[in-house]
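Structure first, then comments.
Given below as structure tokens:
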């Protein structure tokens, strides 16, 4: 897979055959010009390449096969590369494309590498290439690629739970492409993607009016989409955004989404999840539990991280209920699922929800235990503001228990943390 320029191929073959520049020049070409060819300062025409190929006894086609041709060939062969070797393969091509200053080519490989990490939820690897990706994006000329970059960074921020930051990237695409006449299919797909993800971000920030507004606009583009899977995801999103609206809207999008659920298990799972949320809204707790249980079983193994924001949203929805005790069994189901998936973000939320349920049930020992279990995880995975709020809540809990020592301990931790925020 080694990538060599025409000049590098000539130089390597010449040295291998122990020939000097003068040996291969004859009267056909000057030594200085041959030196420039080897150093990449001059691009030789076919006549000179044929002459050199005969002198070095190498294939003319191999010699003529330039660096860009090699990169294109490597792109074409990506699907043939084993999954566990794609990371190294793409990194190699990014490196050499940058060395040759083919930044649009480097971008193509980096875009694929970045999405490989997104698809495998490898946030650590993403963090390791974000600076390089940014540098490459500043050097490219292709306008479409700049929008792809915004979309990729938005997806990374979405996956990291940084919804407000992700919105900045998606809205930038949407605003810059608002006058797009849909003649460029690639740009149209990028624009549709930005609406879809921005709407999801607003929904998960509990800004449902803005999310629904974007979602309605998104449905206007469905006739431009030739991919049934993408249409299925859009209708599932609209189901989700319609849960708090009247039942007619929800049922309209539910019927639309149902037509596409057999495309894959992820769509089926999201469909069941949305139905479960609606059941909670309608106070049909056992029906909601059944739908969520189906969603757990359907969601593809290895992709549970995609489900995390929605399950956290589901738990938050329950936390807003005035009758928390009714959700004890559902909470146990979600906790079992999150432990099985080793998903600390969801485990923390479930511990916190269980603590609230036990508080309502006046089982204060269990309330205290689950508050502490949730805190232990939040210290590892939470941000400073969330941790500050939890310390304050712990302080208030122990104050109600007349445990002054523990109460002061957590209030002091909150004060110290507040100074760092």
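Numbering (this note's numbering), first residue to last: 65 to 485.
Think of the CB as a built atom: it goes at the ideal place given N, C-alpha and C, for glycine as much as any other residue.
Quantities reported herein were computed from a predicted structural model and do not represent experimental measurements.
Express the C-alpha separation of residue j and residue i in angstroms, rounding to a whole number.
i, j, result
"residue 254", "residue 480", "45 Å"
"residue 343", "residue 172", "44 Å"
"residue 301", "residue 271", "14 Å"
"residue 244", "residue 257", "14 Å"
"residue 84", "residue 167", "34 Å"
"residue 81", "residue 101", "18 Å"
"residue 392", "residue 463", "26 Å"
"residue 130", "residue 70", "6 Å"
"residue 67", "residue 170", "13 Å"
"residue 434", "residue 412", "9 Å"
"residue 220", "residue 420", "32 Å"
"residue 455", "residue 329", "40 Å"
"residue 291", "residue 400", "35 Å"
"residue 105", "residue 93", "15 Å"
"residue 354", "residue 390", "14 Å"
"residue 181", "residue 150", "10 Å"
"residue 321", "residue 210", "32 Å"
"residue 162", "residue 371", "36 Å"
"residue 200", "residue 136", "18 Å"
"residue 471", "residue 425", "22 Å"
In terms of residues, what are the limits of the alpha helix (DSSP H) holding residue i?
i, result
"residue 405", "Residue 405 -> no alpha helix (DSSP H), and no H or E assigned at all."
"residue 257", "249 to 268"
"residue 235", "227 to 240"
"residue 78", "70 to 80"
"residue 108", "Premise fails: residue 108 is in no alpha helix (DSSP H) and is neither H nor E."
"residue 490", "The shown model of the chain, from 65 to 485, leaves out residue 490, and the question about it has no answer."
"residue 364", "It is not in any alpha helix (DSSP H) - residue 364 carries neither H nor E in the DSSP assignment."
"residue 443", "428 to 445"
"residue 178", "167 to 183"
"residue 195", "187 to 203"
"residue 384", "It is not in any alpha helix (DSSP H) - residue 384 carries neither H nor E in the DSSP assignment."
"residue 271", "That residue, residue 271, is in no alpha helix (DSSP H); it is neither H nor E in DSSP."
"residue 87", "85 to 89"
Round the Cβ separation of residue i and residue j to the nearest angstrom and send it over; I've been treating them as touching at under 8 Å.
i, j, result
"residue 379", "residue 417", "5 Å"
"residue 216", "residue 186", "Contact flag wrong, Cβ pair sits at about 14 Å."
"residue 266", "residue 282", "No, residue 266 and residue 282 are not in contact; Cβ-Cβ is about 12 Å, not under 8 Å."
"residue 345", "residue 307", "6 Å"
"residue 311", "residue 288", "Residue 311 to residue 288, Cβ: 29 Å. No contact."
"residue 285", "residue 303", "Not quite, the Cβ-Cβ distance comes to about 18 Å (not below 8 Å), so this is no contact."
"residue 397", "residue 349", "Incorrect: roughly 12 Å between the Cβ atoms, too far for contact."
"residue 197", "residue 213", "7 Å"
"residue 422", "residue 431", "4 Å"
"residue 225", "residue 261", "Residue 225 to residue 261, Cβ: 14 Å. No contact."
"residue 88", "residue 119", "5 Å"
I'd like to confirm something about residue i: is its beta-carbon nearer than 7 Å to some heavy atom of the ligand NAP, or not?
i, result
"residue 350", "What this structure holds is no ligand at all, so the ligand NAP is not there to describe."
Q) Are the region 186 to 195 and the region 228 to 235 touching, with three or more C-beta to C-beta distances below 8 Å? A) The region 186 to 195 vs the region 228 to 235: no contact.
Q) Taking three-plus beta-carbon pairs below 8 Å as touching, is the region 325 to 338 in contact with the region 285 to 302? A) The region 325 to 338 vs the region 285 to 302: in contact.
Q: Evaluate contact between the region 382 to 402 and the region 271 to 281, counting only Cβ atoms and requiring at least three cross-stretch pairs below 8 Å.
A: No: the two stretches stay apart, fewer than three of their Cβ pairs being nearer than 8 Å.
Q: May I ask you to verify whether the region 135 to 142 touches the region 111 to 118, counting CB pairs closer than 8 Å and requiring at least 3?
A: No, because fewer than three Cβ pairs between the region 135 to 142 and the region 111 to 118 fall closer than 8 Å, the two stretches do not touch.
Q) Looking at C-beta atoms only, is the number of pairs between the region 436 to 455 and the region 389 to 407 that lie closer than 8 Å three or more? A) These segments do not touch.
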